[in-house]
Structure formats: structure tokens, C-alpha cells
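Trainee:
Chains as they are written, first to last, in the numbering used here: chain A, 1 to 336; chain B, 1001 to 1336.
1. Is the segment 108-118 of chain A close to the segment 87-95 of chain A, with three or more CB pairs under 8 Å?
2. Restricting to Cα atoms, I'd like to know which of A/154, A/126 and A/283 is closest to residue 220 of chain A.
3. What runs of the beta strand (DSSP E), each 3 residues or longer, lie entirely inside the segment 1255-1319 of chain B?
4. Could you spell out the range, first to last residue, of the alpha helix (DSSP H) harbouring residue 1234 of chain B?
5. In the DSSP assignment, the beta strand (DSSP E) including residue 1106 of chain B goes from what residue to what residue?
6. Comparing C-alpha positions only, which one of B/1209, B/1191 and B/1192 sits nearest to residue 1199 of chain B?
7. For a contact meaning CB atoms closer than 7 Å, what does residue 246 of chain A contact in chain B?
8. Per DSSP, what are the beta-bridge partners of residue 131 of chain A in this structure?
9. Using beta carbons (cut-off 7 Å, strictly below), is residue 1174 of chain B in contact with chain A?
10. Whose Cβ in chain A lies nearer than 8 Å to the Cβ of residue 1139 of chain B?
11. Taking only beta carbons into account, state which residues of the segment 65-85 of chain A come closer than 8 Å to chain B, listed in chain order.
12. State the beta-bridge partners of residue 70 of chain A as determined by DSSP.
13. Compute the Euclidean distance between the alpha carbons of residue 285 of chain A and residue 201 of chain A, then round it to the nearest angstrom.
14. 7 Å is my cut-off, CB to CB: does residue 1110 of chain B come that close to chain A?
15. Could you tell me which residues DSSP pairs with residue 1173 of chain B in its beta bridges?
16. The segment 1140-1154 of chain B: which residues have C-beta closer than 8 Å to a C-beta of chain E, in chain order?
17. Taking only beta-carbon positions, decide if residue 50 of chain A is within less than 7 Å of chain B.
18. Between residue 67 of chain A and the rest of its own chain, which residues show a CB-CB distance below 6 Å, the 5 nearest in sequence each way excluded?
19. What does residue 294 of chain A reach in chain B if we use C-beta pairs closer than 8 Å?
20. Helix, strand or coil for residue 1211 of chain B per DSSP?
21. List the residues of chain B that residue 181 of chain A touches, going by C-beta distances under 8 Å, in chain order.
22. Below 7 Å on C-beta distance, what does residue 1275 of chain B contact in chain A?
23. DSSP state of residue 240 of chain A, grouped into three classes?
24. At 7 Å on the CB atoms, spell out the chain B contacts of residue 301 of chain A, in chain order.
25. With the cut-off set at 7 Å, would you say residue 1042 of chain B and residue 1176 of chain B are in Cβ contact?
26. For chain A, find out if any of its Cβ atoms is closer than 7 Å to the Cβ of residue 1222 of chain B; answer yes or no.
27. With a cut-off of 8 Å on the beta carbons, I'd call residue 1010 of chain B and residue 1020 of chain B a contact; round off their distance for me.
28. Using a 10 Å radius around the Cβ and a threshold of 16 neighbouring Cβ atoms, would you call residue 1032 of chain B buried or exposed?
29. Using beta carbons (cut-off 7 Å, strictly below), is residue 1304 of chain B in contact with chain A?
30. For residue 1329 of chain B, count the other beta carbons within 10 Å of its own beta carbon; 16 or more makes it buried, fewer makes it exposed. Which is it?
31. I'd like to know whether the C-beta atoms of residue 241 of chain A and residue 211 of chain A end up nearer to each other than 7 Å.
32. Is residue 1012 of chain B near residue 1029 of chain B, with beta carbons less than 7 Å apart?
33. Which of the three DSSP states is assigned to residue 193 of chain A in this structure?
34. Which residue wins for smallest C-alpha separation from residue 253 of chain A, given the options A/55, A/4, A/18 and A/37?
35. If we cut at 7 Å on Cβ distances, does residue 1107 of chain B have a partner in chain A?
36. Which partner residues of residue 1220 of chain B appear in the DSSP bridge assignment?
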């Protein structure tokens, strides 16, 4: 269907047709194409039909009245009015950046949002303004709390970004699930198996069948630690902000009983708050680590975000690879 | 040597004898005994001799002039002047609590500190004042960055605490190493083996020998993800605050070439910033999770901090168990 620019235009048009404003369509199309470009297609075009379905069913509000409440010069609370997650995320991170530029810290809680794609996409916006950022979001049940045999936590990523003094930002964006739920979904769509040891079926038995894994439980990284991280993220993005939490975030693909009301929390700060030479210090930090002796077969020690950056650059030059199923979805959505 | 109160008094006396003020001795003795009580002896009396050795060698300053610099009403920077880590931690968390009570957020960076024991101990202080807290600290090299065969990151814990609406705080305090370095040290002291798959020797081969593991590399949780968490914590607590970073934090037990200059970062916030009923919401969150069906053999789903709290309560009533080696150390230190 073409290169990034062409496909982005197509997605933009599809959102417009579904009643979203030009600005909101632009924001959302850009976020979706970004996921494709950095090599995270599970958060890209594979979700377009889902977003449109939820607009059609009035679960995503295509014309939201987003309210930003000022708590202090550093703190804001956003009620996203069930906007598409991308727009809530964009409004939220912009506000956090604004607050941080003013006072050194920006803290923004967002409620009544939906799936906003990749946390790293928002962290990167802050990093590009020379700020450090944390982004937290919860998600529909996928991971069982440690000791439970039913999933309740989402894959709840912890995301941290910092300027590096070079053009490639440090973006650590780690789901606390061993495998990304989107990847299982893509495997299910393409009738492929998933690796061993990453998921259980609904009876609590290990499985490599993607469909059975979707109906079952994903395993957290590092047992009780991964479970603890997921719980922490649920508290920060859900309990604290006014979003849904404790297993109440609806699966956007198959639960149409109401809006998701996902919560996000953005925490942004100036890197030179305490010392004047952060840029030099982070450069030195990265240099020291890259200089370490490597394991056999490893050419270069990469910091989080480098691989994504390189894939993005490479993918910009070529056509976006779209599976047959998704291509069909797009054609139908565009013909509307 | 007696119960918690008695041993705490003994440790207090030992610090006094080493030139620390009564107040600083009290703070440090309390933190050490707390580690014993919650069942983390690797961060307790096992380190007492090390702290005293470093005072004797003038690497820990027993009479520090700690400077607190106000950056804004929310942000402070502490120069701990090579104090014992416990005192720097105590000063830092108290300042963060003060700032958060005033403005909703408290952010405190600390430099020129040393090993401060357990992050959870500081998070708990904030939680007891009905605040949410993040505590980050770096540590001497123990973990190899993903792709490297030499350790550089410390076990760099991520620690998060929140009030729960009941008397047991939620304290998630997770090292990013599969096994705690202190535990390996205790195993080495007691000539015990460590589990398989948690560490490599200095040639990069798996080992269950505690001494070989100390000379080698600990493995991070979840491969590149654990490595990313460790890197994040090194940046937040070291690069950002002015502390040592990138593998420059000295091992307190065997590197006497200078002070550690560890950095810490505390981030504290009011739970009712965005919504008015946090206490009710967190109660509901925990209730929902505890109600889930359990895996066979699991009686109760616990949140992070519950086990520690119960051990603390139980251990308060009985004598502290001290190994022969450590008992001898204490006797020598006390006879000084």
C-alpha cells in the first residue's frame, strides 16, 4: 500500500471518515505508522480496525471534549472524555512537557483514555525536548498476579526515556510480560506458534498455541518481581489517576460493553535539575558501557532505543509490509 | 546477643565509638536492625564491620556536614558529604516528604552518599506519612549489561511504596539481579552454595560457588529487560544526581581507594493529587486481586510488603539470630 507517508495519509483519511477531527486523525495516524516503522506492528495497523469498530459502537468518542485541570504549575489532570488513546496521550505528554519546562517537573495523570499504542512514543516526545520522562499505562487483563491462576494485570509497561547527547534517544519501554500481547495476537492472526514458557492456557497449562494463550494467562517476567511491577503500574496509571484498575480495563478487541477508561501517568523532568552537565555525564555513562568486553557473537552493546531508531530509519525508505488480512481491513475501512 | 532493642543499643554504641553523633548513630542502628527484623540480614549486621572499617579508613565521614540545596519548593539536592548512607537516606527522604506535603510532589537527588541499606526502609517512611514513594539507588558493579561479559551495573533496585488504607504498607523493592548480592555474600561467609542459573564466574561460566559468583557476574532478571532497568536506575540515581555512575561506585567491602559517592533519587507524591478517594480505590484494588482464584498450594495472594511486615512483627518478639562470624565482629568492634 506504499511507504510510510502514503499509508499514514490513508490511515488519516480513515479516521476522518470515522468522524475524528483533522488534528486528531493526524495525531493518531502518525502514532500508528510510528509503531510500524520502529518494528512494533502489533501496536500499528493491526489495531486500526479495532479503533474504528470502537468508534462505530460509540465506545471511543471521535469528538471528545478533553479537559485539562491544573492542580499546580507542575501537576495537571486530564479527563480524556473517552478519546482515542493516541490523542489523550498526545495532550497529556504535551502538558507534562510544558509543566516541566516551567518548573523542572511535570506530572500528568490521565483518565478516561484508551489504548494509546507504545509508551515509548510519548517518552520520545519529551526526550526530543531535552527532558527525562517516565510513562506508565495499564491495559486489559493478560497477566496473573503471582499466586493467582487468573489474569488480571495488563502487560503494563514501564517506560523511561532520557536524552543521550546524541540524536538517538535512550528509550527503555518494557512490558512486564515475557511476551508482548500484541505479538501473540499477530501470531494468532497469522496462525503461527508462540515460544514455549511464555504463556499458559485457561486451565493453567503451558501452551504454544497463540489462541489458547489469548484465552489464558501470559507469564510475567521474573515471577513475583514481574507481578510486582505490573501491580505498581496498575496503581500508578489506574488507581492514582481515576482510570479503571484491578482488572476492570476492557479488552478493546472483544469487550464492547463500555469504554476502556484506561489511565496513564506521565512524569517528566529537566535533566539539569541537580547538576549542570547532564549531557556530558550521560555521554560518558554510555561510552563506558559500550566499551565493555562483549560476549562472543555480540558486535556492539546497544542502549534501549538504538535498535528501534535504526529500524525506523531503514523502514522509512521502503514500503510498509502489511499482511493480507490487515490490507483487507484497511480497504474495507477506506471504502466506507 | 539479645532482642532487637538490645542489639540496636549495641550497634548504636559501636557507631558512637566510631565518632558518629548520637543522632546519626541512632538513625544507622535503627536501619540496620530493621533489615534484620524484616528478614534481610544481608543488609543488616553483616555490614556493620564494613561501615566501621570505612569510617576508620576515613572513607565514610562520621561527622558529615550535609548540605540541602533548595531548587524549588518541590525539588531539593542533598550533598551528603560522604556520610554513612543511612543518614543521607534519612535526610533525603525527610526532605522529600516535606516537599511533597507542601506542593504535592517532592523530588530529592542525593550525591556523595554510601550504601544506605534497603530502599524499602525509606519508601516506608513516606508511606507512613500517607504518601506514595519511589526510591532509586545505584550500587557497585555486580551485573553485566546485556551483551557484555563484565559486570558494571549494581543490583540497582527499583522501589515503589504506597499507602494501602490498612496498616501494612505496599512496598515493592526489587533488585534487578535474580539474586541479591548480599545473599551471595552471606552464602560465601557461611560456605553455602547459591542456586543454579543466577550467576556466572569471572570467565563467564555458570557457577553455584558463592565466592566465584562474587568475583564474576550476577545475571539480571529477564535478560535485556533487567539490564535496561539497571541502566535506568544508574542514570536516575547516579548520572542525574551527581553521584558516581557507569561502574564507578566502589565496592564497600574491598575497595578502599576512596569514598563510594553513591547517588540516590527519591520521588514522593500525595495520593490524592488527582482524585479524592485514593484510600478507597487502593483498598478496592487490593481486594479484587486477593479474591482471585489461587494456584494449587497458594493460601493467599500477598501484595509486596506483606511478608516483610509479618516477619518484622514476629522477629520483634524474639532474639535476633546472629552467625558466629558476625557475633565475633561485633564483639571486636564493641571492645574498641
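For glycine and all other residues, C-beta sits at the position ideal for the given N, C-alpha and C.
Mentor: To lay it out plainly:
1. yes
2. A/154
3. 1262-1269
4. 1224-1234
5. 1105-1113
6. B/1209
7. 1284, 1285, 1288 and 1289
8. Partner(s): none; residue 131 of chain A has no beta bridge.
9. yes
10. Per Cβ cutoff of 8 Å: no residues; residue 1139 of chain B is ~15 Å from chain A at best.
11. 71, 72, 74, 75 and 77
12. A/76
13. 43 Å
14. no
15. B/1159
16. This model lacks chain E altogether; the protein chains it does include are A and B.
17. no
18. 79
19. 1147, 1148 and 1149
20. helix
21. By Cβ distance, chain B contributes nothing, its closest Cβ being about 16 Å from residue 181 of chain A, past 8 Å.
22. 242
23. coil
24. 1145, 1147 and 1148
25. no
26. yes
27. With a Cβ gap of about 14 Å, residue 1010 of chain B and residue 1020 of chain B do not count as contacting.
28. buried
29. yes
30. buried
31. no
32. yes
33. strand
34. A/55
35. yes
36. B/1177
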